[in-house]
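What follows is a set of notes on a single structure, which appears directly below.
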Amino acid sequence: MKIDTEDVVIVGAGIIGLACGYRLLQEGRSVLWVDPKSPGSGASYGNAGTIADYAVMPVGSPSVLKRLPQLLFDSESPLSMQPGALAMLAPWLAKFAYQSLPGPMAKNMRAIAALVLDAGSRWQELARAIAVEDHFKNEGCLYVYRDAAALRRGKHEMALRAEAGVDVVFLTPTELSELEPQWPAVDGGAAFFPKSLFVTDPGDLANKLANAGANIGGRFLTESVKDLSNERESVVMTLTNGRRIRAHKVVISAGAYSKGLAAKAGDKTPLITERGYHLEFEGQANRVQRPICVADQGFYMTPMAGRLRVAGTVELGGVDSKPSPHRLSGLIQQAQAVFPDLGSPQRTWLGFRPSLPDSRPILSPSSQSDRIVYAYGHGHIGLTLAPISAEIVAALIGGRSPPCDISAYSVQRFSQWRG
């Protein structure tokens with residue numbers, strides 16, 4: 031069978047893959063995206079819309095570790111797992127537990143901060159390039175604390191964020207009411223991230239980025255990569271329809287589906303799937319002026335184009351199971367606890383995030399060949415990290431030094447791990 035030849039093939043057309051491809055097209059490379067679904071239709075579509083330059087905290091921390099059994103086995107908690115998934119998740123959980131200890135957590139936080147702190151300015155630059163400035167709002171983001179106990183816990187975490195360089199301001203309950211007059215009164219107050227941006231339609235943003243890439247020569251192939259082999263001067267991929275493609279360079283950015291492809295490239299990675307949910311309430315966008323996270327329950331309310339999106343919670347599991355009805359009903363109850371007259375959602379959604387035990391993405395060449403570059407494992411901050419990931423990938427593809435030290439994001443770090 032004939033083998034087609036390509037310059038750069040990007041496996042995955044989520045927000046990370048789209049940003050990487052657009053950057054490479056700007057640099058004069060030829061780009062083919064391969065994805066079984068339409069661009070930006072996965073986790074890139076369903077997120078809370080925050081450009082989270084404040085999200086320096088890894089998922090794993092000493093406080094989470096202390097409560098981990100309670101969290102995992104409570105189906106209503108912000109962090110839980112699907113029934114029957116413990117045996118599958120046990121090796122990952124052991125690694126996660128170690129990465130939650132104070133030393134590893136501090137190291138992980140520094141690594142994440144190095145990527146996220148200037149995410150807003152990087153997104154503004156990319157937004158200007160593709161003429162989507164109107165998709166971004168500069169209203170900041172809030173973490174709300176319902177009582178004094180939640181505030182005490184929050185102050186410790188916010189102190190760590192501030193030490194990492196995050197601009198955070200604490201608001202009294204009265205100040206919160208002035209900023210968000212429709213939000214119900216709380217006893218604790220809020221933490222405000224004044225520099226944070228948010229996106230009013232993540233799905234449409236991804237579509238616009240895909241169209242911008244297509245307008246300068248990028249092409250899309252709706253297929254899946256079944257196999258991949260690294261040869262002397264190229265990478266050969268076999269698609270599920272039997273077609274074969276020979277590429278000079280390959281970028282693996284397939285999100286939660288990247289683990290198997292990386293294994294075929296020679297790298298085993300401790301990637302699992304986080305199942306994330308959202309609800310949407312039409313005509314309710316004016317309830318809040320900016321993204322608000324209810325800190326002790328782990329969900330966001332974000333005003334989007336014509337609708338209010340309620341997104342959040344972490345459910346560890348796989349990509350094959352159906353949505354968990356109790357997760358959706360719990361999210362509805364939490365939203366209605368804030369706004370009792372909200373009514374029922376018009377849409378519900380389940381998507382899959384790629385989750386690593388240290389909450390750091392993989393941004394590096396494969397251990398076997400610099401012809402294969404990884405850009406996956408971004409967890410909750412894929413939207414936030416799309417521009418910097420694209421800069422790093424473009425540098426690696428072009429044989430240049432990346433814009434920052436990427437040793438903390440190397441795929442080879444896992445071979446040195448304990449736990």
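Here the working numbering is used: the first residue of the sequence shown is 31, the next is one more, and so on.
No residue lacks a Cβ here, since even glycine has one placed at the ideal position from N, Cα and C.
Note that the coordinates shown come from a computational prediction; the quantities given were computed from them, not determined experimentally.
Give the range of the alpha helix (DSSP H) segment to which Pro395 is assigned.
Pro395 -> not in any alpha helix (DSSP H); beta strand (DSSP E) instead, spanning Ile392 to Pro395.
Considering Cα atoms alone, identify which of Ser110, Ala141 and Ala49 is closest to Ser389.
Ala141
To the nearest angstrom, how far is the alpha carbon of Arg337 from that of Ala194?
34 angstroms
Apart from the five residues just before and just after Gln112, which ones in its own chain have a Cβ nearer than 8 angstroms to its Cβ?
Arg305, Glu345, Leu346, Gly347, Gly348, Ser351 and Ser354
Element boundaries [alpha helix (DSSP H), containing Trp122]
Leu116 to Gln129
Give me the residue from Thr268, Ala73, Glu36 and Asp234 with the minimum Cα distance to Gly381.
Ala73
Burial state of Ser288, where buried means 16 or more other Cβ atoms lie within 10 Å
buried
Tell me the rounded alpha-carbon separation between Gly184 and Phe329.
15 angstroms
Apart from the five residues on each side of it in sequence, which residues of its chain come closer than 6 angstroms, Cβ to Cβ, to Pro433?
Glu421
Report the three-state DSSP secondary structure of Trp63 (helix, strand or coil).
strand
Would you mind stating whether Pro16 and Ser254 have Cβ atoms separated by less than 8 angstroms?
The structure shown does not extend to residue 16, since the chain is modelled only from 31 through 449, so no value can be given for it.
Taking the alpha carbon of Asp83 as the point to measure from, which residue in Leu209, Leu291, Gly313 and Phe222 has its own alpha carbon closest?
Phe222
By the DSSP assignment, the alpha helix (DSSP H) with Thr204 in it spans what residues?
Pro203 to Leu209
Give a yes or no on whether the C-beta atoms belonging to Val441 and Val280 are separated by under 8 angstroms.
no
Just checking, does the stretch 194-203 make contact with the stretch 133-147 on the three C-beta pairs under 8 angstroms criterion?
yes
If I measure Cβ to Cβ from Gly449 and keep anything under 6 angstroms in the same chain, skipping five residues before and after, which residues do I get?
Summary for Gly449: the model assigns pLDDT 48, below 50, so the residue's position carries little reliability; its value from the coordinates is reported in the next sentence. Around Gly449: Ala124, Lys125 and Tyr128.
Leaving out five residues before and five after Gly76 in sequence, what residues of the same chain have Cβ atoms less than 6 angstroms from its Cβ?
His308, Trp379 and Gly381
Using the C-alpha atoms, what's the distance from Gly429 back to Pro384?
27 angstroms
Quick one: residues in its chain with C-beta nearer than 7 angstroms to the C-beta of Gln327, no 5 flanking neighbours on either side, listed in chain order?
Pro108 and Gln364
Enumerated in chain order, which unbroken segments of the alpha helix (DSSP H) with a length of 4 residues or greater are wholly contained in the stretch 216-254?
232-245
I need the boundaries of the beta strand (DSSP E) containing Met188, first residue and last residue.
Note, Met188: premise wrong, no beta strand (DSSP E); alpha helix (DSSP H) at Ala178 to Glu193.
Provide the residue span of the alpha helix (DSSP H) that contains Gly266, from first to last.
The question names Gly, but residue 266 is Val in the sequence shown. Element bounds for Val266: not the alpha helix (DSSP H) but the beta strand (DSSP E), Val265 to Leu269.
Secondary structure at Leu147, three-state DSSP: helix, strand or coil?
coil
For His410, does the three-state DSSP call read helix, strand or coil?
helix
For the ligand HEM, is there a heavy atom less than 7 angstroms away from the beta-carbon of Pro391?
This structure lacks the ligand HEM, and indeed carries no ligand of any kind.
Among the candidates Phe444, Ala335 and Arg401, whose CA atom is the shortest distance from the CA of Asp234?
Ala335
What separation, rounded to the nearest whole angstrom, lies between the Cα atoms of Val41 and Leu156?
21 angstroms
Quick one: what does DSSP say Pro88 is sitting in, helix, strand or coil?
coil
If we ignore side chains and look at the alpha-carbon of each, how far apart do Pro203 and Val368 end up?
15 angstroms
Excluding five sequence neighbours on each side, which residues of the same chain lie with their C-beta closer than 6 angstroms to the C-beta of Thr230?
His165, Met334 and Ala335
Taking 8 angstroms as the cut-off, decide whether the C-beta atoms of Ser71 and Asp37 are in contact.
no
Identified DSSP bridge partners for Met334
Arg337
Pull up the distance between the alpha-carbon of Glu187 and that of Ile362, whole angstroms please.
27 angstroms
What are the boundary residues of the beta strand (DSSP E) that includes Pro353?
First-last for Pro353: undefined, no H or E at that position.
Phe311: buried (16+ other C-beta within 10 angstroms of its C-beta) or exposed?
buried
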